[in-house]
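So the numbering used here is basically just the index in the sequence shown, starting at one, shifted up by 15. For glycine and all other residues, C-beta sits at the position ideal for the given N, C-alpha and C.
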Amino acid sequence: MAQIVLVRGDITAQEVDAIVNAANSSLMGGGGVDGAIHRRGGPAILEECKRIRAAQYPDGLPTGKAVATTAGNLPAKWVIHTVGPVYARESDPASLLASCHTEALRVADELGAKTVAFPAISTGVYGYPTGEAAPVAMEAVLTADSAVEEVRFVLFDADAYEAFERVLRSEED
Ligand code: AR6
């Protein structure tokens, strides 16, 4: 089972093998954490996303799935792109959010990544309440069958950090 670490900060600065991107199905970039990753990582990430779209996902990456690209100029080696659920649009957003985490860890295993950083997927533009998303994300990671040694949740704001900390503390009790 991976060790869980919580960090408050910017995922693009993390020195880990892979960082996870809360992308959209187009894989063509966007705002939030996706925008930050493409901006700091540079154009090599988008070029690889375009190749993946053309070769594997002409209709876009489905919600809950994950694919890897280079991390370009970022300190990480790879970016694992996943598409979180739009909270208000899905009848079972929790299973899709859990799938984002298990699929990202499966891709990490394929790459040989041992340290992986996740943002709070879907809790921004996609409207998933952070207090609901945190236990789903944590549970998915804790129960995943993966060789990843460290999962680092990188939370951008105090509310998200506190929500994840509450869940981690309750797991430790
Ligand atoms: N590092 C870590 N976390 C961040 C960063 C950062 N640099 N920037 C934002 N966050 P969001 P979503 C947090 O909206 O809800 C994009 O346009 C943010 O505070 O980035 O999955 C995509 O292209 C929030 O807690 O992702 C999609 O269209 C969390 O990351 C759509 O948004 C997720 O917020 C995906 O929406």
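Residue i, DSSP secondary structure in three states
i    : result
F179 : helix
E63  : helix
I26  : helix
V48  : helix
V166 : strand
A119 : helix
V14  : The structure shown does not extend to residue 14, since the chain spans only 16 to 188, so no value can be given for it.
L76  : coil
Rounded distance between the beta-carbons of residue j and residue i, thought under 8 Å
i    : j    : result
Q29  : A91  : 6 Å
Y176 : R23  : 5 Å
V163 : A128 : 7 Å
Beta-carbon spacing of residue i, residue j below 8 Å
i    : j    : result
F168 : F179 : yes
D25  : N36  : no
I67  : T78  : no
S41  : G75  : yes
E118 : T97  : yes
Residue i to residue j span [Cα, whole Å]
i    : j   : result
V156 : L89 : 24 Å
A69  : E62 : 11 Å
I60  : N39 : 14 Å
G99  : G47 : 13 Å
heavy atom of the ligand SAH below 7 Å from residue i C-beta
i   : result
N39 : What this structure holds is the ligand AR6, not the ligand SAH.
Continuous beta strand (DSSP E) stretch holding residue i: start and end
i   : result
V35 : 33-38
V94 : 93-98
Where the alpha helix (DSSP H) containing residue i begins and where it ends
i    : result
V101 : Taken as a continuous stretch (DSSP letters only), V101 belongs to no alpha helix (DSSP H), as it is neither H nor E.
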